[in-house]
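*Asks:* In the working numbering, the protein residues as written are 44 to 516.
Each residue gets a CB set at the ideal place from its N, CA and C atoms; glycine is no exception.
Below you'll find the structure I mean.
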């Protein structure tokens with residue numbers, strides 16, 4: 044230590060290296076490794092909102108910065124009774140706490156300042172699933188509004204003070220906001236599908252959110268990364284094992300199964316549409332080739348084929364109606380939609396799969412129902428109350444409740460059938476475009492130029508005929 048603290052006036056022996064002071068400091072830095080470890084553990088035990096290896100990294104940075112280490116050593120006074128190791132460890136603890144703001148901020152501040160995205164990830168990591176995640180996020184939204192107004196922005200609180208803890212009145216106000224807002228159409232479906240909550244539930248959710256955030260793994264901050272250590276001549280590797288990535292294999296299998304089913308359905312649909320196209324006349328195919336394959340407007344098709352625009356429009360409509368009927372016969376929505384809607388209400392109403400187009404469509408359709416219809420569905424399928432209890436809750440007779448449920452189901456069924464028809468129309472438009480573009484571009488590399496210029500009528504006709512031969516083969 045004396046060598047590390049020596050001044051330039053101290054006489055250097057001939058046999059000593061010129062960088063003896065630096066070597067002495069580096070030796071001491073290595074010696075204080077254990078103190079860095081104990082300092083990091085001490086801070087981590089009292090504040091687990093960061094991974095302990097981040098505290099360890101910061102501790103090592105403060106020691107392996109030789110200029111900083113020199114300042115630490117210069118402040119040591121043996122007369123105060125503490126050993127050098129204890130003194131260094133206490134200084135490191137203060138340095139790391141200052142760098143990470145440990146104990147400076149309330150855990151309620153952490154809850155309010157965290158983004159929805161990060162909170163959702165933290166809840167997922169903590170094992171939460173839908174509908175609980177959506178309900179926690181929705182509750183946090185109103186907790187922030189109430190808490191900030193009642194506690195943080197309260198005139199009696201001095202600026203710079205640590206954010207105070209919320210009280211029972213705050214949680215009660217949040218519960219009231221939650222219960223009022225959950226019935227609105229803008230509320231997430233998972234929220235509106237659930238029952239009203241009380242202040243104890245709100246407090247429990249917020250406590251769980253804080254716990255999830257505190258245990259949510261965070262990467263080491265960039266300013267104190269491995270690169271920062273390398274700048275001061277030392278490289279550090281984390282001693283904390285990284286958490287294993289949990290893979291839900293069941294989800295993977297379900298995804299693969301869904302993919303296989305989709306491929307089979309797409310293949311079956313493609314075959315059915317091709318069969319109908321094979322019944323078309325050559326002139327009809329030419330219209331499709333130019334309109335969908337080459338991207339001509341109806342007016343351009345009229346000029347190319349010498350047919351009136353009204354005739355072009357009617358022929359296109361006739362062809363698409365045939366294809367729509369073909370897919371409608373395959374889909375047969377009238378035979379399964381009613382059963383699907385009833386089953387979805389029973390099984391997936393509370394936690395719909397938003398990635399599923401049909402379920403997402405039903406969620407949207409529910410928001411378009413009358414408020415009383417939405418409330419009846421929420422009580423029946425969200426809270427699983429029987430019709431008699433729903434009637435008592437809403438001040439209706441049971442027959443009225445039954446009628447409301449029937450009406451709501453019919454509306455959902457009609458909406459779903461309309462959406463299915465829209466999807467079928469969009470699918471056919473895209474399918475025709477893909478098919479005829481593929482035929483055109485595979486028939487001739489210079490096809491695009493030939494069609495646009497139309498300077499060689501014979502070649503133009505040959506290209507169209509070649510496309511038709513490719514299609515029927």
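Please report the Cβ distance between residue 346 and residue 333, rounded to the nearest whole angstrom; I am assuming they are in contact, meaning their Cβ atoms lie under 8 Å.
*Replies:* Not confirmed; about 10 Å, so no contact.
*Asks:* Could you tell me which uninterrupted alpha helix (DSSP H) segments, each at least 4 residues in length, are contained entirely in the segment 395–482, listed from first to last along the chain?
*Replies:* 400–410, 414–420, 430–437
*Asks:* Can you tell me whether residue 248 is buried or exposed? The criterion is at least 16 other CB atoms within 10 Å of its CB, across all chains shown.
*Replies:* buried
*Asks:* Can you give the beta carbon distance from residue 191 to residue 155, rounded, assuming they're within the 8 Å contact cut?
*Replies:* 7 Å
*Asks:* Quick check on residue 329: buried or exposed, where buried means 16 or more other Cβ atoms within 10 Å of its Cβ?
*Replies:* buried
*Asks:* With DSSP collapsed to three states, give me the class of residue 132.
*Replies:* helix
*Asks:* Pop quiz: residue 406 and residue 395 are said to be a contact at Cβ under 8 Å. What is the actual Cβ separation, rounded to whole angstroms?
*Replies:* 5 Å
*Asks:* Report yes if the C-beta distance between residue 87 and residue 98 is below 8 Å; otherwise report no.
*Replies:* yes
*Asks:* State the start and end residues of the unbroken alpha helix (DSSP H) segment that holds residue 205.
*Replies:* That residue, residue 205, is in no alpha helix (DSSP H); it is neither H nor E in DSSP.
*Asks:* Does the beta-carbon of residue 161, which I'm using as the reference point, lie nearer than 7 Å to any heavy atom of the ligand MG?
*Replies:* Questions concerning the ligand MG fall outside what the structure shown contains, since it holds no ligand whatsoever.
*Asks:* Are there 16 or more other CB atoms within 10 angstroms of the CB of residue 237, so buried, or fewer, so exposed?
*Replies:* buried
*Asks:* Assuming residue 197 is part of the alpha helix (DSSP H), what are its boundary residues?
*Replies:* Careful: residue 197 lies outside any alpha helix (DSSP H) and carries neither H nor E.
*Asks:* Let's test the definition: count the other Cβ atoms within 10 Å of the Cβ of residue 157 and tell me whether it reaches 16, buried, or not, exposed.
*Replies:* buried
*Asks:* Taking all protein chains shown into account, do 16 or more other C-beta atoms lie within 10 angstroms of the C-beta of residue 425, making it buried, or fewer, making it exposed?
*Replies:* buried
*Asks:* DSSP three-state label for residue 298, please.
*Replies:* Reliability of the predicted coordinates at residue 298 is poor, the pLDDT of 43 falling under 50, and no value is obtained from them.
*Asks:* If we ignore side chains and look at the alpha-carbon of each, how far apart do residue 68 and residue 109 end up?
*Replies:* 6 Å
*Asks:* In the DSSP assignment, find the unbroken alpha helix (DSSP H) run with residue 25 in it and report its ends.
*Replies:* Residue 25 cannot be examined here, being either before or after the span of the chain that is shown, 44 to 516.
*Asks:* Give every residue of the same chain whose Cβ lies closer than 7 Å to the Cβ of residue 195, excluding the five residues on either side of it in the sequence, and list them in chain order.
*Replies:* 206
*Asks:* Please report the straight-line C-alpha distance between residue 412 and residue 454, rounded to a whole angstrom.
*Replies:* Residue 412 and residue 454: Cα-Cα distance of roughly 8 Å.
*Asks:* Comparing C-alpha positions only, which one of 242, 163, 197, 229 sits nearest to residue 212?
*Replies:* 242
*Asks:* Using the Cα positions of residue 74 and residue 193, report the straight-line distance between them to the nearest angstrom.
*Replies:* Cα-Cα distance, rounded: 51 Å.
*Asks:* Looking at the unbroken alpha helix (DSSP H) that takes in residue 120, where does it start and where does it end?
*Replies:* Neither: residue 120 is in no alpha helix (DSSP H) and is coded neither H nor E.
*Asks:* For residue 355, collect the residues of the same chain with a Cβ closer than 7 Å to its Cβ; drop the 5 residues on either side in sequence, then sort them by chain order.
*Replies:* 330, 341, 344, 345
*Asks:* Buried or exposed for residue 223, going by 16 or more other Cβ atoms inside 10 Å?
*Replies:* exposed
*Asks:* Would you call residue 311 buried or exposed, if buried means 16 or more other Cβ atoms sit within 10 Å of its Cβ?
*Replies:* exposed
*Asks:* Tell me, please, whether the segment 352–367 touches the segment 438–454 by the rule of three or more beta-carbon pairs shorter than 8 Å.
*Replies:* no
*Asks:* Within its chain, find whatever has a CB closer than 8 Å to the CB of residue 548; leave out the 5 residues flanking it on each side and keep chain order.
*Replies:* Because the chain is modelled from 44 through 516, residue 548 falls outside the range shown and cannot be assessed.
*Asks:* Could you give the distance in angstroms between the alpha-carbon of residue 308 and the alpha-carbon of residue 400?
*Replies:* 15 Å
*Asks:* What does the Cβ neighbour count give for residue 278, buried or exposed, with the cut at 16 atoms within 10 Å?
*Replies:* Note that residue 278 has pLDDT 45, beneath the 50 cutoff, so the model's placement of it is unreliable and no number is given.
*Asks:* Could you check where the alpha helix (DSSP H) with residue 185 kicks off and where it finishes?
*Replies:* 175–190
*Asks:* With burial defined as no fewer than 16 other Cβ atoms inside 10 Å of the residue's Cβ, what is the status of residue 103: buried or exposed?
*Replies:* buried
*Asks:* Can the beta-carbon of residue 139 be found less than 8 Å from the beta-carbon of residue 115?
*Replies:* no
*Asks:* Over what stretch of residues does the alpha helix (DSSP H) that includes residue 340 continue unbroken?
*Replies:* Looking at the DSSP string, residue 340 is not in any alpha helix (DSSP H), and its letter there is neither H nor E.
*Asks:* Look at residue 228 and residue 189 and say whether their C-beta atoms are less than 8 Å apart.
*Replies:* no
*Asks:* Do you know offhand how far residue 118's Cα is from residue 105's?
*Replies:* 15 Å
*Asks:* Which residue marks the beginning of the alpha helix (DSSP H) containing residue 254, and which one marks its end?
*Replies:* 242–258
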